[in-house]
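Worksheet: the structure to be examined is printed underneath.
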Amino acid sequence: MSLAEAEAFEISIEATDDTGGRWSEAWQRLRRNPSAVVGAGLVLVFVLVAVFASTLAPDSPNAADLSHLRPGYIPGPSAHHLLGLDQQGRDELSRILYGARYSLLIGVVSLSIGASAGVLIGAVAGAVGGWVDNVLMRLMDIMLSIPGLLFAIGVAALLGRNLQSVMIAIAVVNVPIFARLLRSSMLGQRDSDYALAARSVGVKRWRIAVQHLLPNALAPVIVQGTLALATAIIDAAGLAFLGLGSADPGTPEWGRMLAETQSFLQSSVQLALFPGLAIVLSVLGFNLFGDALREALDPKLRR
Amino acid sequence: MLKFIVRRLVQLIPILIGLSILVFVWIRALPGGPADALLGERATPAKVAQVRHLYGLDRPLYRQYISYLDRTVHLDFGQSISTQRSVSNEIRRRFPATIELSLAAMVFAVGIGIPLGVLAAKRYLAWFDHVSMAGSLLGISVPVFFLAFLLKYIFAVKLHWLPSIGRLDATRVTSHPTGFYVLDAIVTGDGGAFVDAVRHLILPAVALGTIPLAIVARITRASVLEVLNEDYVRSARAKGMTSRTVDRRHVLRNAMLPVTTIVGLQSGLLLSGAVLTEIVFSWGGMGSFLEQAVFARDFPVLQGGILFLAIVFVVVNLLVDLTYGFLDPRIRVT
Amino acid sequence: MTKTVPRLVAALAVLGLISAACGSSSKKTAANGTSTTAAPAGKAGGTLVFGTSSDPISMDGILISDGESIRVITQIFETLVTTKPGGTDIVPSLAKSWQSSPDGLAWTFNLQQSVNFQDGTPFNAAAVCFNFNRWFNFKGVLQSSSLSYYWSTVFGGFAHTENTNDVPADSLYKSCDAKDTNTAVINLTKPSSAFLAGLANPAFAMSSPDALTKYHADDVTGTGDAPKFNGTFGSQHPIGTGPFMLDTFTPNNQLVMKRYDGYWGKKAILDRLIFKPIADGPARRQALESGEIQGYDLVNPADVSALSGAGFQILNRPAFNVGYVGFNQAKPPLDNPKIRQAIAYALNRSALVKAKYPANAVVAKEFMPPSLFGYSSDVTQYNYDPAKAKQLIADSGVANPTIEFWYPTNVSRPYMPDPSSNFQAFKADLEAVGFKIVPKSAPWSPDYVHSVDAGSAQMYLLGWTGDYGDPDDFVGVFFRTKQKAWGFDNAAIFSALDAARTETDQQKRIADYQAANKLIMDFLPGVPYVHTQPNLALTKKVQGLVPSPVGPANEGFSTVSVG
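Just so you know, the protein sequences line up as chains A, B and C, in that order. Position 245 of the first sequence, counting from 1, maps to 470 under the numbering used here, and the rest follow consecutively. Position 11 of the second sequence, counting from 1, maps to 1187 under the numbering used here, and the rest follow consecutively. Position 357 of the third sequence, counting from 1, maps to 588 under the numbering used here, and the rest follow consecutively.
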């Protein structure tokens, strides 16, 4: 279980009807929370780096110059190459910057797929109920019965070595988490006064679900999504560490960069340190922000 | 209580059946089917037919499933493509290593995480609370293999305080009645082996246990905070009970319930994380077994290994549920 | 061997790094009674723990072809003839001497006397014939080329070759006569010069007939790709005549051997020899540094200078390999000679060799090492020249040439310590002159080697470590016949190599091979780029290990001491 999964357990945001007030209040609370500010800052830097990598990077991530390397020697940081060269004679800084792009891409794509599918399944289960709910949720239980990363390994190994399979693998792992979250959040509201009133005047069940229950269930999904992004980045790195990832070994993906420096650990520990820190900082950003968001949206803490 | 246990066990059945179907379908979802996957680039129509027959893939699907189920129930996961060894035997041999590592990590996580969480809750919003919670968020944000790298680099490679790889020194000759090396050393009364095994265990366990530690600390803090606000705690305080007595009688006991569940859920993280940790420390458990299988596209090993770990995960959570029910009688009724 | 070699080898490679497998012989030293090693006699006794990359697949020599199995077999078993320590010359071992009949069809081996197997049974002519007949009469899955690779390489087919297996129908082997206790005669179906050198390979180790039978060595089921060894000869009861015998084998943990005190030759110095499998390269180095092991093979070139700086010994094996970029000409545009030349000029081979290989590695000019006879120093050379490469592409008439470039994962070979690194360097070189490169990779075992051999790879990284000292084991293996991996049909090259192989006059043979090498490098079927001297690392105290050009196959530990 990752933090995201733990939080899913921890999160029990109660539904309220004052949707607008809730968000603006949450915003106020977020602004006052230093860890939210730090988290948001890290996330912002990460996103900006990912988007503007090609402008920011001093060099191409693939331009290699082996002439400065000798067996057992890789030049470290210098004025010319701020983070030094990597084991192929490429500029490490440029590769770290471009790496943000891959992390963001994998995170966002896998999460969009996973969360959408999960939300859909959870919404259908929550709205329709009955045997449909039962079948869908048992299916989710089964998926949850395989530890996350192992599940992802299985899926990615099946689909082969490429970025898409990593995205799909991480997406699949996220599906049951979101499905459960959304369903329980909707169930919590089903007996709310609003829903009961709407039903009594003959509003159709799916309509109540779409117009009322779903928007209110979004808060936990957003919190969960932020935290799941952190997990997605870590999981992608873990899969890359296991050799599952892009077919091109030159891809500047943090997890792969870290994995590939295993044999240089003793002589050039900086090559493990930089991508490792990049992962830690971006993951920390999402975790800090997501955690603060949860606190901000949690009515229990508003007392 | 008995009824509760029986009900939980019955609930387990659809999960296990579903799990078996999922894994059964998984290997059949391979492009070109399992025979192609087994043969890889060597697949010729004749060889595919041969392998299909060998593995019974030419029989009707439901019969394949029944025989697969039959073999799985008998813990027969077939044979590894790359080592030709029986997957079940390999699992039997390697599993204790993973469990030993996971248990050590759990002891580390719980042993430090719970006191940390309780302390943070009692110092709610004080600097200790802030520091330990920020620290735990940082802990959660470090990929387990990166932490393993760092620990290995600092404490083994640079400082030479602890061994960097394996479960025992290569030269140590000792018997392994249980496969749990620390336990083996105790059983056989071998003091040297005990020290050796524990020294090898420290770094991997700390690396693997750090994320669970952070999570356990956070959950403990959250549940203790919640309990502290409960009426019965307030009234106990109001009645003049000493803070220590209140803690023991009410706060800890009630706060431990969600923590128990989290500890159960953590077993999934431990099993996943163990895969990566074991690789860094050349720990001969399930992790390195699966890693090799990923590289070799050794599907029988992946299938058997993942299914086995999933079953372990399910069973651990069942045990946690039962413990939970035991601790909190309310659960049994619902 | 190595390159073509089979899934098994490859299988192993997956576990980490594998060594140059290769063939040749087994024990040596005591071979002809007088030790040829310059090893200083160390203090007797002690235990050596040596780090390997994986467990042996089996200790039944005839069934394996991977380096780690060979490494163990070489300690426990002996062959009739062997190669000189540190070299490739054939010298006596279990056979004191031998002579062939004038027609070259009957080979008489005079055996060492009063040699006993480790189970106490006598080694004699009957045992020799038992072993040969066992191999010749293999049935079913045992015939598959992945199991009896060396038999099919040296002898071809079996008594009853089954057409389901991928081996030649005819056999070079005809029969074996035990003329008297210590004289065995091997009869061949046709004369062969490669036969004797082939026998030095540990695959042809003499096993105790009693033990083979008692422990059901031939009880193998499953398929060639996934054999199931039901007997225990190869896993728990390997019984040979060598200086060490198996004590205990705990897979994935350690393989413990002890001195065989009944050994007929010079007895081993060590009491115990432990092979400890450590799949992870950096982990091997750390285990050496922490003192958990006293030596290991497959040293990462990047670690060499640090290790020797820290006071460890680095042993170099004589260069007997070649790393190359292979072209499959069946896949255009590689059929276009200008494109092949453009690639050759585009690759900055010396930059790669300088950056990634130990100082004693050299840039290859042709497909065999310089130490081997028949090497030609004036073949056509393609020195790094990106401008020329661009020009050649322009001249070739191929617009935007796109190439699928294959590299193996999870393998490390002396000629290719880090394939992904070589791939990335060459990819950058090729993209710089205008090629579009599509990366393709597969795990070395089982997929990569098969993709290449089956002709599915367009351009690929590969290499070869020699089994024995003959050019036919290099260029002959590659280019004597039409092969799917290369995808070309060049009668001139095929016949030149065929003639060179059968030539009996050594001087003419040398000239033939030199001429063939020139032909080959003009035609440019691939780009050879490196010859390396693979390394072993040992602590200062370990003495007496003689590195062999053919690797673990001829590195016996009986002369090794731990001070």
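Where a beta carbon is used, it is the ideal one built from N, C-alpha and C, also for glycine.
Any chain C beta carbon closer than 9 Å to His1336(B): His1336(B) belongs to the set of residues whose beta carbon lies under 9 Å from a beta carbon in chain C.
Inter-residue spacing [alpha-carbon to alpha-carbon] between Val1182(B) and Val1490(B): Each residue's Cα considered, the two are about 16 Å apart.
Straight-line gap, Pro458(C) to Ala573(C) (C-alpha atoms, nearest Å): Pro458(C) and Ala573(C): Cα-Cα distance of roughly 44 Å.
Proximal chain B residues relative to Gly373(A), where beta-carbon distance stays under 8 Å: Per Cβ cutoff of 8 Å: Gly1444, Leu1445, Ser1448.
Beta-carbon proximity of Gly1385(B) to Val1492(B), cut-off 9 Å: Contact: no.
Chain-ordered neighbours of Arg1473(B) on chain A, where CB pairs are closer than 8 Å: Within chain A, Ala382 have C-beta atoms less than 8 Å from the C-beta of Arg1473(B), given in sequence order.
Backbone CA spacing between Leu1251(B) and Ile1193(B) [nearest angstrom]: Taken atom to atom, the span from the alpha-carbon of Leu1251(B) to that of Ile1193(B) is near 15 Å.
For Val385(C) and Leu378(C), believed in contact at Cβ under 8 Å, the rounded distance: With a Cβ gap of about 14 Å, Leu378(C) and Val385(C) do not count as contacting.
Reference Thr451(A), options Tyr327(A), Val508(A), Asp316(A), Gly301(A), closest by Cα: Cα-wise, what sits closest to Thr451(A) is Val508(A).
Contacting residues, own chain, Cβ-Cβ under 8 Å from Val268(A) (five flanking each side not counted): Within the same chain, Val268(A) has close Cβ partners Ser507, Gly510, Phe511, Phe514.
Distance between Thr633(C) and Asp649(C) (C-alpha atoms, nearest Å): Their Cα atoms are separated by approximately 24 Å.
Helix, strand or coil at Thr384(C) according to DSSP, with G and I counted as helix: Helix.
N-terminal and C-terminal residue of the alpha helix (DSSP H) that Lys587(C) is part of: Secondary structure note for Lys587(C): its alpha helix (DSSP H) is the uninterrupted segment 580-587.
Residue burial classification, Ile1189(B) (beta-carbon count within 10 angstroms, cutoff 16): Around the CB of Ile1189(B), fewer than 16 other CB atoms lie within 10 Å, so the residue is classed as exposed.
Contact list for Phe654(C) against chain A, beta-carbon separation under 7 Å: Within 7 Å Cβ-Cβ: Pro474.
Chain C contact residues for Gly1460(B), given Cβ-Cβ distances below 8 Å: Those within 8 Å of Gly1460(B) in chain C are Asn483, Asn484.
Those runs of the beta strand (DSSP E) which lie wholly inside the region 682-725 of chain C and span at least 3 residues: Those beta strand (DSSP E) runs which fall completely within the region 682-725 of chain C and span 3+ residues are 690-696.
Inter-residue Cα distance where the pair is Asn631(C) and Val334(A): Between Asn631(C) and Val334(A), the C-alpha separation is close to 32 Å.
Proximity test, Cβ basis, 9 Å: Glu478(A) and chain C: Answer no: the Cβ-Cβ gap between Glu478(A) and chain C never drops below 9 Å.
Pair within 9 Å by beta-carbon distance, Val346(C) and Cys407(C): No, the Cβ-Cβ distance between Val346(C) and Cys407(C) is not below 9 Å.
Proximity to Lys421(C) [Cα-Cα], best of Leu755(C), Gly335(C), Asn355(C): Of the candidates Leu755(C), Gly335(C), Asn355(C), the one whose C-alpha sits nearest the C-alpha of Lys421(C) is Gly335(C).
For His468(C), three-class secondary structure by DSSP: Three-state result, His468(C): coil.
Reduced DSSP category for Leu279(C) - H, G, I as helix; E, B as strand; rest coil: Residue state, collapsed to three classes: strand.
Pro199(C) vs Ala595(C) beta-carbon contact at 9 Å: Because chain C spans 232 through 794 in this model, residue 199(C) falls outside it and cannot be assessed.
One or two residues paired with Met826(C) in a DSSP bridge: Here chain C has residues from 232 to 794 only, and residue 826(C) is not among them.
Chain A contact residues for Pro589(C), given Cβ-Cβ distances below 8 Å: Ordered by position in chain A, the residues that pass the 8 Å Cβ test against Pro589(C) are Pro296.
Residue nearest to Pro645(C) in terms of C-alpha spacing, selected from Lys658(C), Leu693(C), Gln612(C): By alpha-carbon distance to Pro645(C), the top candidate from Lys658(C), Leu693(C), Gln612(C) is Leu693(C).
Reference Leu439(A), options Ser303(A), Trp248(A), Met411(A), closest by Cα: Selected option, being the one with the closest Cα: Met411(A).
Contact the region 574-581 of chain C vs the region 608-616 of chain C: 3+ CB pairs below 8 Å: Judged by Cβ distances under 8 Å, the region 574-581 of chain C makes contact with the region 608-616 of chain C, as three or more pairs qualify.
Contacts that Ile509(C) makes with chain B (C-beta to C-beta distance below 9 Å): Below the 9 Å Cβ cutoff, chain B contributes Ile1341, Gly1342, Ala1346, Ser1458 as neighbours of Ile509(C), in chain order.
Inter-residue spacing [alpha-carbon to alpha-carbon] between Ala262(C) and Val322(C): Annotation note: pLDDT 35 at Ala262(C) (below 50); position unreliable, coordinate value reported separately. The straight-line gap from Cα to Cα measures roughly 7 Å.
Inter-residue CB distance, His468(C) and Ala442(C) (contact presumed, cutoff 8 Å): At roughly 6 Å, the Cβ-Cβ gap stays under 8 Å, so His468(C) and Ala442(C) are in contact.
Reference Leu1379(B); option with closest CA among Leu1277(B), Ser1264(B), Val1451(B): Looking at the Cα atoms, Leu1277(B) is the closest of the given residues.
Validate contact between the region 467-483 of chain C and the region 286-295 of chain C using beta carbons, cut 8 Å, 3 pairs: As far as the Cβ criterion goes, the region 467-483 of chain C touches the region 286-295 of chain C, which means the pair count is three or higher.
Touching by the beta-carbon criterion (3+ pairs, under 8 Å), the region 383-397 of chain A and the region 320-339 of chain A: Contact between the region 383-397 of chain A and the region 320-339 of chain A is present, with at least three C-beta pairs closer than 8 Å.
Supposed contact pair Val761(C) and Ala824(C) - C-beta distance, whole angstroms, cut 8 Å: This structure leaves residue 824(C) out entirely; chain C is present only between 232 and 794.
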